[in-house]
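Asks: 1 is the number of the first residue of the sequence shown in UniProt numbering; add one for each residue after it. Glycine included, C-beta positions come from ideal geometry on N, C-alpha and C. Remember, it's a predicted structure, so these values are computed and weren't measured experimentally.
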Amino acid sequence: NNNNNNNYNNNNNNNGFRKTYAKHKNIIVSTYNNKNNNNNNNNNNNNNNSKLVNLETLTSKFNSNKTNNTNTNGFKLENLKNFKNKLLCDFEDKTSLVNGVGGGVVVGSASLDAGDMQSHHCCNNKMNGLSAEICDNLNEQLELLQRQVTDLADTQNIAEDRTTRTKTEYAVLQTRYHMLEEQYRESELRAEERLAEEQKRYRELLARVEREAALQNENCQIKIKTIELEANTLREEAQRLRVQCDKQANDLHRTEEKYELARDQITSLQQDLDEATQRERKYEDDKKAAEDLMLELSKELERLRAETGPALPTTSPETIRLEELHQELEEMRQKNKALEEQNEELQAQVLTRGVEEGRNLLNGTLNSLAQELEEMSQAQVSVNSQFSFLALKESH
């Protein structure tokens, strides 16, 4: 009976333990589920806060974190379940062992003695002590789990507050994200429109510049052709002028030679003119002496005529010679007068020429070398005529 009572008490204790364990198991499981939910919510909030950077990438990170947290929490629950199953198995083994021993005592009571009953009673006492120790250990573990559940509840409240704030911030950030996305789309549309307008404007500008460049190129080609024609004409003109310059250089050389010869001739003619002037002066002196002589002879002739009277014949040689001298004197006077007139004309020509040359020098226009040579030839002709006249006069 005592054994039966003990077995009954053990069964009641085991049933109470099982109920308490099941109750605490449910509390622990719910606590861990809440903790997992809080962790998942925290991970969701963290992922939502980072969505503004890159929504798709952070969503994948959130899913990976959620999977990792689920695996971790599942591992913890699996450990608790294994521990629970182990405890239950041990308790059931011990209970079955006690029940087996008690049954054996009831069935074989007729054949057992008092010593055997005492040994069985000691064994039951030991099993009861072991069950009490197990219950104490389980109570300590339950208290520990209750404290952990309390901590997890506090952590859950904190996590819920944080989750609420995170959800609010996430909603604000999501709204801001949508607003920024709309602004981005509007900005992109405006940028595309502006880009299209700029491209159109630059295409028109490029077309206009190309047209202007084509026109300018055509004008440049026309100018180049015109300049090439002018250059060819100028080359031909330069060649012709070069030939003409060479020809004029040769003519100038020949003219310079003629000028040198003419200058030498003028020098010689100037010397001849000086000599002729000296001879003319000598002739003037001789003429004056002859006139004086003729005057004396005429006076002497008149005196002789007055002395001899009218009957004196006029056919004497002295009279004839005197008449010839008178005629020659008259001719010489006329020639002298003509020479004086020519000399005056020459002096007037020289003076006129000097005035013209001075005027030309003042006006900056000089006669050409050919004109000077022509004038020199004319002067030489006049001088030669004068020299010939003087020579003729000297011969007389």
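Under 8 Å: do the segment 289-302 and the segment 324-344 share three or more Cβ pairs, one atom per stretch?
Replies: With a cut-off of 8 Å, the segment 324-344 and the segment 289-302 count as touching, because enough Cβ pairs lie within range.
Asks: Below 8 Å on the Cβ atoms is my contact criterion, and I expect Lys-287 with Met-332 to pass it. Report the Cβ-Cβ distance as a whole number of Å.
Replies: 7 Å
Asks: Closer than 8 Å: is that where the CB of Ala-238 sits relative to any heavy atom of the ligand NAP?
Replies: Among the components of this structure there are no ligands whatsoever, and the ligand NAP is therefore not found.
Asks: Checking 9 Å against the spacing of the C-beta atoms, do Glu-280 and Leu-339 come in under that value?
Replies: yes
Asks: Would you kindly work out how many angstroms separate the C-alpha atoms of Thr-267 and Thr-277, rounded to a whole number?
Replies: 15 Å
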